[in-house]
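As you go down the protein sequences, you meet chains B and W in turn. Each residue of the first sequence is one higher than the last, beginning at 1 in the working numbering. Each residue of the second sequence is one higher than the last, beginning at 1001 in the working numbering.
Number of protein chains: 2
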Amino acid sequence: MSVQPVPGPVSFQLTEAITVLERTPATFLALLGGLPEPWTTCNEGPETFSAFDNVGHLIHGERADWIPRARIILQQGASLRFEPYDRFAQVRESAGRTLVELLDEFTRLRVENLATLRGWNLTEPELDLKGEHPDLGPVTLRQLLATWVAHDLGHLAQTARVMATRYREAVGLWRAYLPILDRR
Amino acid sequence: MSVQPVPGPVSFQLTEAITVLERTPATFLALLGGLPEPWTTCNEGPETFSAFDNVGHLIHGERADWIPRARIILQQGASLRFEPYDRFAQVRESAGRTLVELLDEFTRLRVENLATLRGWNLTEPELDLKGEHPDLGPVTLRQLLATWVAHDLGHLAQTARVMATRYREAVGLWRAYLPILDRR
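Next up, the structure:
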């Protein structure tokens, strides 16, 4: 346990954000690569994501969300409005593919997208440029990039949780000490 | 999204459990190795775990929890009662150490402990042997080993969450779409 006080708002730093973004593919590969299928396909019920689904969802984000939306903001064209995001696109896009293929593709796309991001050499004023989220309204490039990081970590946590949930019954009385088993 | 029904109780399989246990150190290393310190020391307030604390806690489990408790069960001696577990032991044990040292130690201890576990060649009747948890009461070796897996995954999810929480404010309006930022 650390002795720091409750963290206050943390200012977004691009280089620091990239250190997390660049580790995500290797983290998923270490967690999931070569695992028996029951661990990677189990989910928490209808319309919930398995580990496999989480990786497919992250791939869709690389193609359709983060960098495309950043481009819309940076171009400051006639419309700043983002395309709505399809949270279930991976059902189509991952069909018939193996988890190894998805992990490879995610790794490749993330490398390319971070090269694009670094190549922009974004300035602080550029990070404050705005786009329009179709549901949420006005958002900045800085917020979009912070969301990319938090979204990665959220799907890592979700993947760990859905795997743990397989043993909800198997742990017996320890269930009372494992809040992850009853979280959604 | 997978099309499986809601998963029912899953029977514990030792070899399948080990496939998760053996991946945990590499997963934490991929996630945390070389990260700037603000990511690894931030926590969620008093008595909460940073990423650094999570790794220290996992180390303490390797030393004091899983294999020592399994031995108590397997020996079926005069007392089947486990020692109480100190959830904050890592405050002492990790003091002054670097995260790299902790990740190395966790990796080494986990390799040793899984070698011990595999070497036991546990039978189904042995997996049903009982010990006594100091608070929960009677538990089986099978439940202890399932708990080891769920505990790993719980601390992976907790680590991802505490890191994500750094950007709770930085994501702006996206906070409404990122439940991980307001979970404890």
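Using N, Cα and C, we set each Cβ at its ideal position, and we do this for glycine too. Since the structure is predicted, the reported quantities are computational estimates derived from the model, not experimental observations.
Item to complete: Use the C-beta contact count for T1165/W: other C-beta atoms within 10 angstroms, 16 or more gives buried, fewer gives exposed.
Response: Sequence index remark: in the second sequence, residue 1165/W carries index 165 (1-based). Classification of T1165/W: buried, given that the 10 Å Cβ count is 16 or more.
Discussion item. Beta-carbon within less than 6 Å of L1117/W's beta-carbon, same chain only, minus the 5 sequence neighbours each way: which residues are those?
Written reply: In the second sequence, counting from the first residue as 1, residue 1117/W sits at position 117. So no residue of the chain qualifies.
Worksheet item: Closer than 9 Å, Cβ to any Cβ of chain B: which residues of the region 1009 to 1024 of chain W, in chain order?
Response: P1009, V1010, S1011, F1012, Q1013, T1015, E1016, A1017, T1019, V1020, R1023, T1024
Practice prompt. Let me know the secondary structure DSSP gives R1081/W once reduced to three states.
Written response: The count along the second sequence starts at 1 and reaches residue 1081/W at position 81. Here R1081/W sits in strand by DSSP.
Fill in: Beta-carbon gap between L1141/W and L1129/W smaller than 7 Å
As a working mapping, residue 1141/W is identified with position 141 in the second sequence. As a working mapping, residue 1129/W is identified with position 129 in the second sequence. Contact: yes.
Item to complete: Report back the beta-carbon spacing between F106/B and V149/B to the nearest angstrom; my notes put them in contact at under 8 Å.
Response: Here residue 106/B refers to the residue found at position 106 when the first sequence is read from its first residue. Here residue 149/B refers to the residue found at position 149 when the first sequence is read from its first residue. The Cβ separation is near 16 Å, so there is no contact.
Discussion item. I'd like to know whether the C-beta atoms of Q1143/W and V171/B end up nearer to each other than 7 Å.
Written reply: To locate residue 1143/W, count along the second sequence from 1; it is residue 143. To locate residue 171/B, count along the first sequence from 1; it is residue 171. Yes, they are a contact pair.
Worksheet item: How about P1036/W: is its C-beta nearer than 7 Å to some C-beta of chain B?
Response: Here residue 1036/W is taken as the residue at index 36 of the second sequence, counted from 1. Taking 7 Å as the threshold, the shortest C-beta distance from P1036/W to chain B falls below it.
Item to complete: Note down, in chain order, every chain B residue with its Cβ under 9 Å from the Cβ of W1039/W.
Response: As a first step, residue 1039/W is located in the second sequence; it is residue number 39 there, counting from the start. Chain B residues near W1039/W: E16, T19, V20.
Worksheet entry | Cut-off 8 Å between Cβ atoms - residues of its own chain near I1018/W, not counting five sequence neighbours on either side | Position 18 of the second sequence holds residue 1018/W. Cβ neighbours of I1018/W beyond the five flanking positions: L1114, L1117, R1118.
Worksheet item: Curious, which full-length beta strand (DSSP E) runs of at least 3 residues does the region 1059 to 1139 of chain W contain?
Response: Fully enclosed beta strand (DSSP E) runs of 3 or longer: 1130 to 1133.
Discussion item. Report the CB separation of F1028/W from T1040/W in whole angstroms; it is logged as a contact under 8 Å.
Written reply: Translated into positions along the second sequence, residue 1028/W becomes position 28. Translated into positions along the second sequence, residue 1040/W becomes position 40. No, F1028/W and T1040/W are not in contact; Cβ-Cβ is about 11 Å, not under 8 Å.
Worksheet item: Taking the Cβ atom as the reference point for each residue, do L1031/W and R23/B lie within a distance shorter than 7 Å?
Response: For the purposes of this step, residue 1031/W is taken as the residue at position 31 of the second sequence. For the purposes of this step, residue 23/B is taken as the residue at position 23 of the first sequence. Taking a C-beta distance under 7 Å as the contact criterion, L1031/W and R23/B qualify as a contact pair.
Worksheet item: chain B partners of L1178/W, CB-CB under 8 Å?
Response: Indexing the second sequence from 1 puts residue 1178/W at position 178. Chain-ordered, the chain B residues with CB closer than 8 Å to the CB of L1178/W read T147, A150, H151, G154.
Worksheet item: Is the beta carbon of I180/B less than 7 Å from the beta carbon of A1146/W?
Response: Numbered from 1 along the first sequence, position 180 holds the residue referred to as residue 180/B. Numbered from 1 along the second sequence, position 146 holds the residue referred to as residue 1146/W. In this structure, A1146/W does not lie closer than 7 Å to I180/B by Cβ.
Fill in: Coarse secondary structure for T48/B, derived from DSSP in three states
In the first sequence, residue 48/B corresponds to position 48, counting from 1. It is coil, neither helix nor strand.
Item to complete: Taking only the alpha-carbon atoms, compute the straight-line gap between W120/B and N43/B and give it to the nearest angstrom.
Response: Taking the first residue of the first sequence as 1, we reach residue 120/B at position 120. Taking the first residue of the first sequence as 1, we reach residue 43/B at position 43. So the alpha carbons of these two residues sit roughly 38 Å apart.
Discussion item. Can you tell me whether A1160/W is helix, strand or coil according to DSSP?
Written reply: For the purposes of this step, residue 1160/W is taken as residue 160 along the second sequence, with counting starting at 1. Reduced to three states, the DSSP call for A1160/W is helix.
Item to complete: State yes or no: is the beta carbon of W120/B nearer than 7 Å to at least one beta carbon in chain W?
Response: Walking along the first sequence from the start, residue 120/B turns up at place 120. So, not an interface residue.
Item to complete: Classify E1169/W as helix, strand or coil using the three-state DSSP reduction.
Response: Translated into the one-based positions of the second sequence, residue 1169/W becomes position 169. The answer is coil: DSSP assigns E1169/W none of H, G, I, E or B.
Worksheet entry | Neighbour list for V171/B in chain W, Cβ cutoff strictly below 7 Å | Against the first sequence, residue 171/B aligns to sequence position 171. Ordered by position in chain W, the residues that pass the 7 Å Cβ test against V171/B are Q1143, A1146, T1147, A1150.
Worksheet item: DSSP state of Q13/B, grouped into three classes?
Response: Stepping through the first sequence from its first residue, residue 13/B is reached at position 13. The answer is coil: DSSP assigns Q13/B none of H, G, I, E or B.
Worksheet item: How would you label V1006/W, buried or exposed, when you count the other beta carbons within 10 angstroms and need 16 or more for buried?
Response: In the second sequence, residue 1006/W corresponds to position 6, counting from 1. In this prediction, V1006/W scores a pLDDT of 47, lower than 50, which makes its location untrustworthy; the coordinate-derived value is nonetheless stated afterwards. Exposed, because fewer than 16 other Cβ atoms sit within 10 Å of the Cβ of V1006/W.
Item to complete: Would you mind telling me which residues of chain W sit closer than 8 Å to V139/B, beta carbon to beta carbon, in chain order?
Response: Taking the first residue of the first sequence as position 1, residue 139/B is located at position 139. Correct list: G1172, L1173, W1174.
Worksheet item: T1098/W CB to nearest chain B CB: under 7 Å?
Response: The residue you call residue 1098/W lines up with position 98 of the second sequence. It does not; no Cβ of chain B falls within 7 Å.
Worksheet item: G131/B: which of W1174/W, E1093/W, D1135/W sits nearest, CA to CA?
Response: In the first sequence, the residue the question calls residue 131/B occupies position 131. Cα-wise, what sits closest to G131/B is W1174/W.
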